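In short: position in the sequence shown from 1, add 34, done, that's the working numbering.
Just so you know, even glycine gets a beta-carbon here, dropped at the ideal spot from N, CA and C.
Please read all numbers here as calculations on a predicted model, not as lab measurements.
Read through the structure below, which is laid out as structure tokens, and then see the notes.
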Amino acid sequence: MIVRNLSSQKPFTTADGSRIRSILDRANAPVKNQSLAEAVVPAGTSTFLHHHKASEEFYFILEGTGTMEIDGELEAVAPGDAILIPPGSRHRITAASDLRFLCCCAPPYSHEDTFVE
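As structure tokens, this is what we get:
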């Protein structure tokens with residue numbers, strides 16, 4: 035059985051500029067098909083516009099508000115919102131207030147599959 039607590043995971047900056055803590059991924063568990071992380075984007079900032087060739091992503095907003103951009107389409111996001119980001123979609127999230135959200139990637143997140151515009 036593999037159990038990882040968020041508080042024991044060290045934060046790092048991803049290729050898109052967000053600050054994350056991996057909850058379960060290839061670095062800390064025998065993960066094969068997906069990854070789960072907590073991401074934080076401070077108020078007034080955004081991730082870099084980017085895409086993933088292979089990974090499909092879900093964001094689930096836990097705290098804060100902001101704007102999600104996917105392929106030029108904008109939508110306001112708030113706690114409780116789940117966002118689907120298909121592979122190849124150019125996307126970024128902008129924080130109106132401090133944003134904290136879960137990010138699930140399948141296949142698992144990798145810097146090599148992150149292409150900044």
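Neighbourhood of residue i by C-beta, 7 Å cutoff - its chain only, sequence neighbours within 5 removed
i: Asp-147; result: His-86, Lys-87, Ala-88 and Ser-89
i: Ala-77; result: Ala-129, Ala-130, Ser-131 and Asp-132
i: Val-65; result: Leu-58, Asp-59 and Pro-142
i: Gly-114; result: Ile-95
i: Gly-122; result: His-85 and Lys-87
i: Thr-79; result: Ala-129
DSSP bridge partner residues for residue i (one or two, in chain order)
i: Thr-128; result: Ser-80 and Thr-101
i: Ala-73; result: Ile-54 and Phe-135
i: His-86; result: For His-86, which the question treats as bridged, DSSP gives no partner whatsoever.
i: Leu-118; result: Phe-92
i: Val-150; result: His-84
i: Thr-48; result: Answer is none; Thr-48 lacks a bridge partner.
Integer-rounded CB distance, given that residue j should sit under 8 Å from residue i
i: Ala-63; j: Arg-38; result: 7 Å
i: Ile-127; j: Gly-106; result: Not a contact, Cβ separation roughly 14 Å.
i: Glu-97; j: Asp-132; result: 7 Å
i: Pro-120; j: Asn-67; result: Between Asn-67 and Pro-120 the Cβ distance is about 17 Å, and since that is not below 8 Å, they are no contact.
i: Ala-73; j: Cys-137; result: 5 Å
i: Gln-43; j: Ser-56; result: 6 Å
Buried versus exposed, by CB contacts within 10 Å (16 or more), residue i
i: Thr-81; result: buried
i: Ala-112; result: exposed
i: His-145; result: exposed
i: Phe-46; result: exposed
i: Ser-69; result: buried
i: Ala-116; result: exposed
Residues of its chain near residue i, where Cβ-Cβ distance is below 8 Å and the 5 sequence neighbours each way are ignored
i: Leu-83; result: Glu-103, Arg-124, His-125, Arg-126, Val-150 and Glu-151
Contact set for residue i: own chain, Cβ-Cβ below 6 Å, skip 5 residues either direction
i: Ile-36; result: Ala-63
i: Glu-109; result: Met-102
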